[in-house]
Amino acid sequence: MAALWHSCGLIRSWNDPRADIDRKLARADGGFFVAARDGEVVATVMAGYDGHRGWINYLAVDPSCQGDGVGRRIMERAEEHLVAAGCPKINLQIRAENSAAIQFYERLGFSVDDVVSMGKRLVHDESTPEQ
Numbered sequence: 032m033a034a035l036w037h038s039c040g041l042i043r044s045w046n047d048p049r050a051d052i053d054r055k056l057a058r059a060d061g062g063f064f065v066a067a068r069d070g071e072v073v074a075t076v077m078a079g080y081d082g083h084r085g086w087i088n089y090l091a092v093d094p095s096c097q098g099d100g101v102g103r104r105i106m107e108r109a110e111e112h113l114v115a116a117g118c119p120k121i122n123l124q125i126r127a128e129n130s131a132a133i134q135f136y137e138r139l140g141f142s143v144d145d146v147v148s149m150g151k152r153l154v155h156d157e158s159t160p161e162q
């Protein structure tokens with residue numbers, strides 16, 4: 032999965048994908064979905080619900096599979112999971128320069144909210160530089 036995330040440009044130097052996978056699996060909330068073909072991971076998505084909003088993270092589709100519907104199908108599964116949890120709205124973050132991802136989500140019915148995204152790192156993983 033981490034290799035897929037790298038190939039899709041989702042990883043930055045301050046992200047430790049293996050730690051993120053471990054943290055998500057420790058939650059045991061059923062919101063981690065993986066699609067495979069011929070035994071190879073071709074898509075992933077993490078979905079979470081905090082009681083107010085649902086969040087989508089690490090949606091990745093192998094570049095050789097993009098455009099064949101696997102991204103739409105894995106997002107539909109994540110949405111079903113969030114709806115079953117009682118989630119009223121999904122939020123997600125996309126890097127502003129990632130126009131392909133923005134267009135993908137727009138085709139799925141997402142729109143840009145007039146908000147500013149802010150963050151603060153609380154845990155510095157071993158591979159995470161101090162910020």
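Numbering-wise, this note's numbering comes out as the position in the sequence shown, counting from 1, plus 31.
For each residue, glycine too, the CB sits at the ideal point set by N, CA and C.
**Report entry** Inter-residue Cα distance where the pair is A200 and D156
**Finding:** Only positions 32 to 162 of the chain appear in this structure, which leaves residue 200 out of reach.
**Report entry** Span of the alpha helix (DSSP H), counted from its first residue to its last, around G102
**Finding:** V101 to A115
Query raised in the report: Under the DSSP definition of a beta bridge, which residues are partnered with E128?
Result: According to DSSP, E128 bridges with nothing at all.
Requested in this report: Could you spell out where the beta strand (DSSP E) holding L90 opens and where it closes?
Outcome: G85 to V92
Requested in this report: Give me whichever residues DSSP pairs with R68 in a beta bridge.
Outcome: E71
Query raised in the report: How many angstroms separate the CA atom of Q97 from the CA atom of A34?
Result: 16 angstroms
**Report entry** Chain-order list of residues whose beta-carbon lies under 7 angstroms from that of F63 (same chain, five-residue window excluded)
**Finding:** K55, L56 and M77
Requested in this report: Return the bridge partner residues of N122 from the DSSP annotation.
Outcome: W86
**Report entry** Inter-residue Cα distance where the pair is M149 and W86
**Finding:** 15 angstroms
Query raised in the report: When the Cα of Y89 is compared with those of R138, V154, G117 and L41, which residue comes out closest?
Result: L41
Requested in this report: Round the Cβ separation of G102 and A74 to the nearest angstrom and send it over; I've been treating them as touching at under 8 angstroms.
Outcome: 6 angstroms
Query raised in the report: Is it buried or exposed for L153, if we count other Cβ within 10 angstroms and need 16 for buried?
Result: exposed
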